[in-house]
Every structure is written in C-alpha cells, then in structure tokens.
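Colleague: Add 2 to a position in the sequence shown, counting from 1, and you land on the number used in the working numbering.
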Amino acid sequence: MFQPYWFPFFFIPFMAAIFIVVILLAVWVYRDAEKRGESGILWLIIVLITGIIGLIIWLIVRGDKPVISSEPTTKVPPPPQTVQATQTTGAQFCPNCGASIQPNSVFCANCGASLE
Numbered sequence: 003m004f005q006p007y008w009f010p011f012f013f014i015p016f017m018a019a020i021f022i023v024v025i026l027l028a029v030w031v032y033r034d035a036e037k038r039g040e041s042g043i044l045w046l047i048i049v050l051i052t053g054i055i056g057l058i059i060w061l062i063v064r065g066d067k068p069v070i071s072s073e074p075t076t077k078v079p080p081p082p083q084t085v086q087a088t089q090t091t092g093a094q095f096c097p098n099c100g101a102s103i104q105p106n107s108v109f110c111a112n113c114g115a116s117l118e
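#1: Any chance the segment 35-50 sits against the segment 5-19, with 3 or more Cβ pairs inside 8 Å?
#2: Measuring only the C-alpha atoms, how far is Arg64 from Val78?
#3: Kindly indicate which three-state DSSP category Ala19 falls into: helix, strand or coil?
#4: Do Ile48 and Ile58 come within 8 Å of each other at the CB atom, strictly closer than that value?
#5: Could you check where the alpha helix (DSSP H) with Val49 kicks off and where it finishes?
#6: Is Phe109 closer than 8 Å to Ala101 when the C-beta atoms are compared?
#7: Suppose the cutoff is 8 Å on Cβ atoms and the five residues either side in sequence are ignored; what does the same chain contact list for Ala111 look like?
#8: Return the residue from the list Glu118, Ile22, Ile51 and Ser71 that minimises the CA-CA distance to Asp34.
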C-alpha cells in the first residue's frame, strides 16, 4: 500500500500527543487514588495499560469516596486570653462581656472571665 510522503509528519506528533495525554491522565488517577486512600500505583498501572478504559473504570470504582485530609483531625484550642479590667470614670467593666465589676475583682461575676 502506498503511503504519502507527509504521513510521518502528522502521525508522529499525533501519537506523541496521545502518549502525553495518557501519561497525564495516569498521573491524575494516581494522585486522586492516593487522596482517597486507595492504591495509587495500582491504578496508575491499570490506566497506563488500558488507557481510557482504565480511567472509566477508576471513575466508576471511586464513586463518592471522600478525599482523606492530610491535616490532623485533632485541633489544638488557642491559648486562653487574659482579660483585663478597664477603668472609666471610677467604674470598672469586664472587657469580655461589658458587665460592671467590683474593684480588685479577680473574675467577672457575670461571665467568669479572668480579670488579671
């Protein structure tokens, strides 16, 4: 069969583009599988071998599995802030809740915030 002289000029870039797209899809599937707690390397190999079929299988199998966060699940509460009493015209008020407090108080009687 006769092939035109321009055939390699279109065929080689076309095949290179398909190869690049398959590699990019395989990397995306690998990352997505790792984020969802699945074996990323297994899915990478499946997509590299089967191509678009492997991608379709991954999209069906993964379903609605949640993405696993890399952040720790326990959050450390912020350190408690010390509340200081303010003084205006001889009366003192709690800066946390604004209630009037007795002079030389250590805690606010209304909200219990420390005044030291």
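Backbone N, C-alpha and C define an ideal beta-carbon position, used for all residues, glycine too.
Modeller: On the basis of the data shown:
#1: Judged by pairs of C-beta atoms under 8 Å, the segment 35-50 does not touch the segment 5-19, as fewer than three such pairs exist.
#2: Within the model, the alpha-carbon separation for Arg64 versus Val78 is close to 32 Å.
#3: Under the three-state reduction of DSSP output, Ala19 falls in the helix class.
#4: No, Cβ-Cβ distance for Ile58 and Ile48 is not below 8 Å.
#5: Per DSSP, Val49 is one residue of the alpha helix (DSSP H) stretching across Gly42 to Thr52.
#6: Going by C-beta atoms, Ala101 is not nearer than 8 Å to Phe109.
#7: For Ala111, where only same-chain residues beyond five positions count, the Cβ hits under 8 Å are Ala101, Ile103 and Gln104.
#8: Its Cα nearest to that of Asp34, the residue Ser71 stands out among Glu118, Ile22, Ile51 and Ser71.
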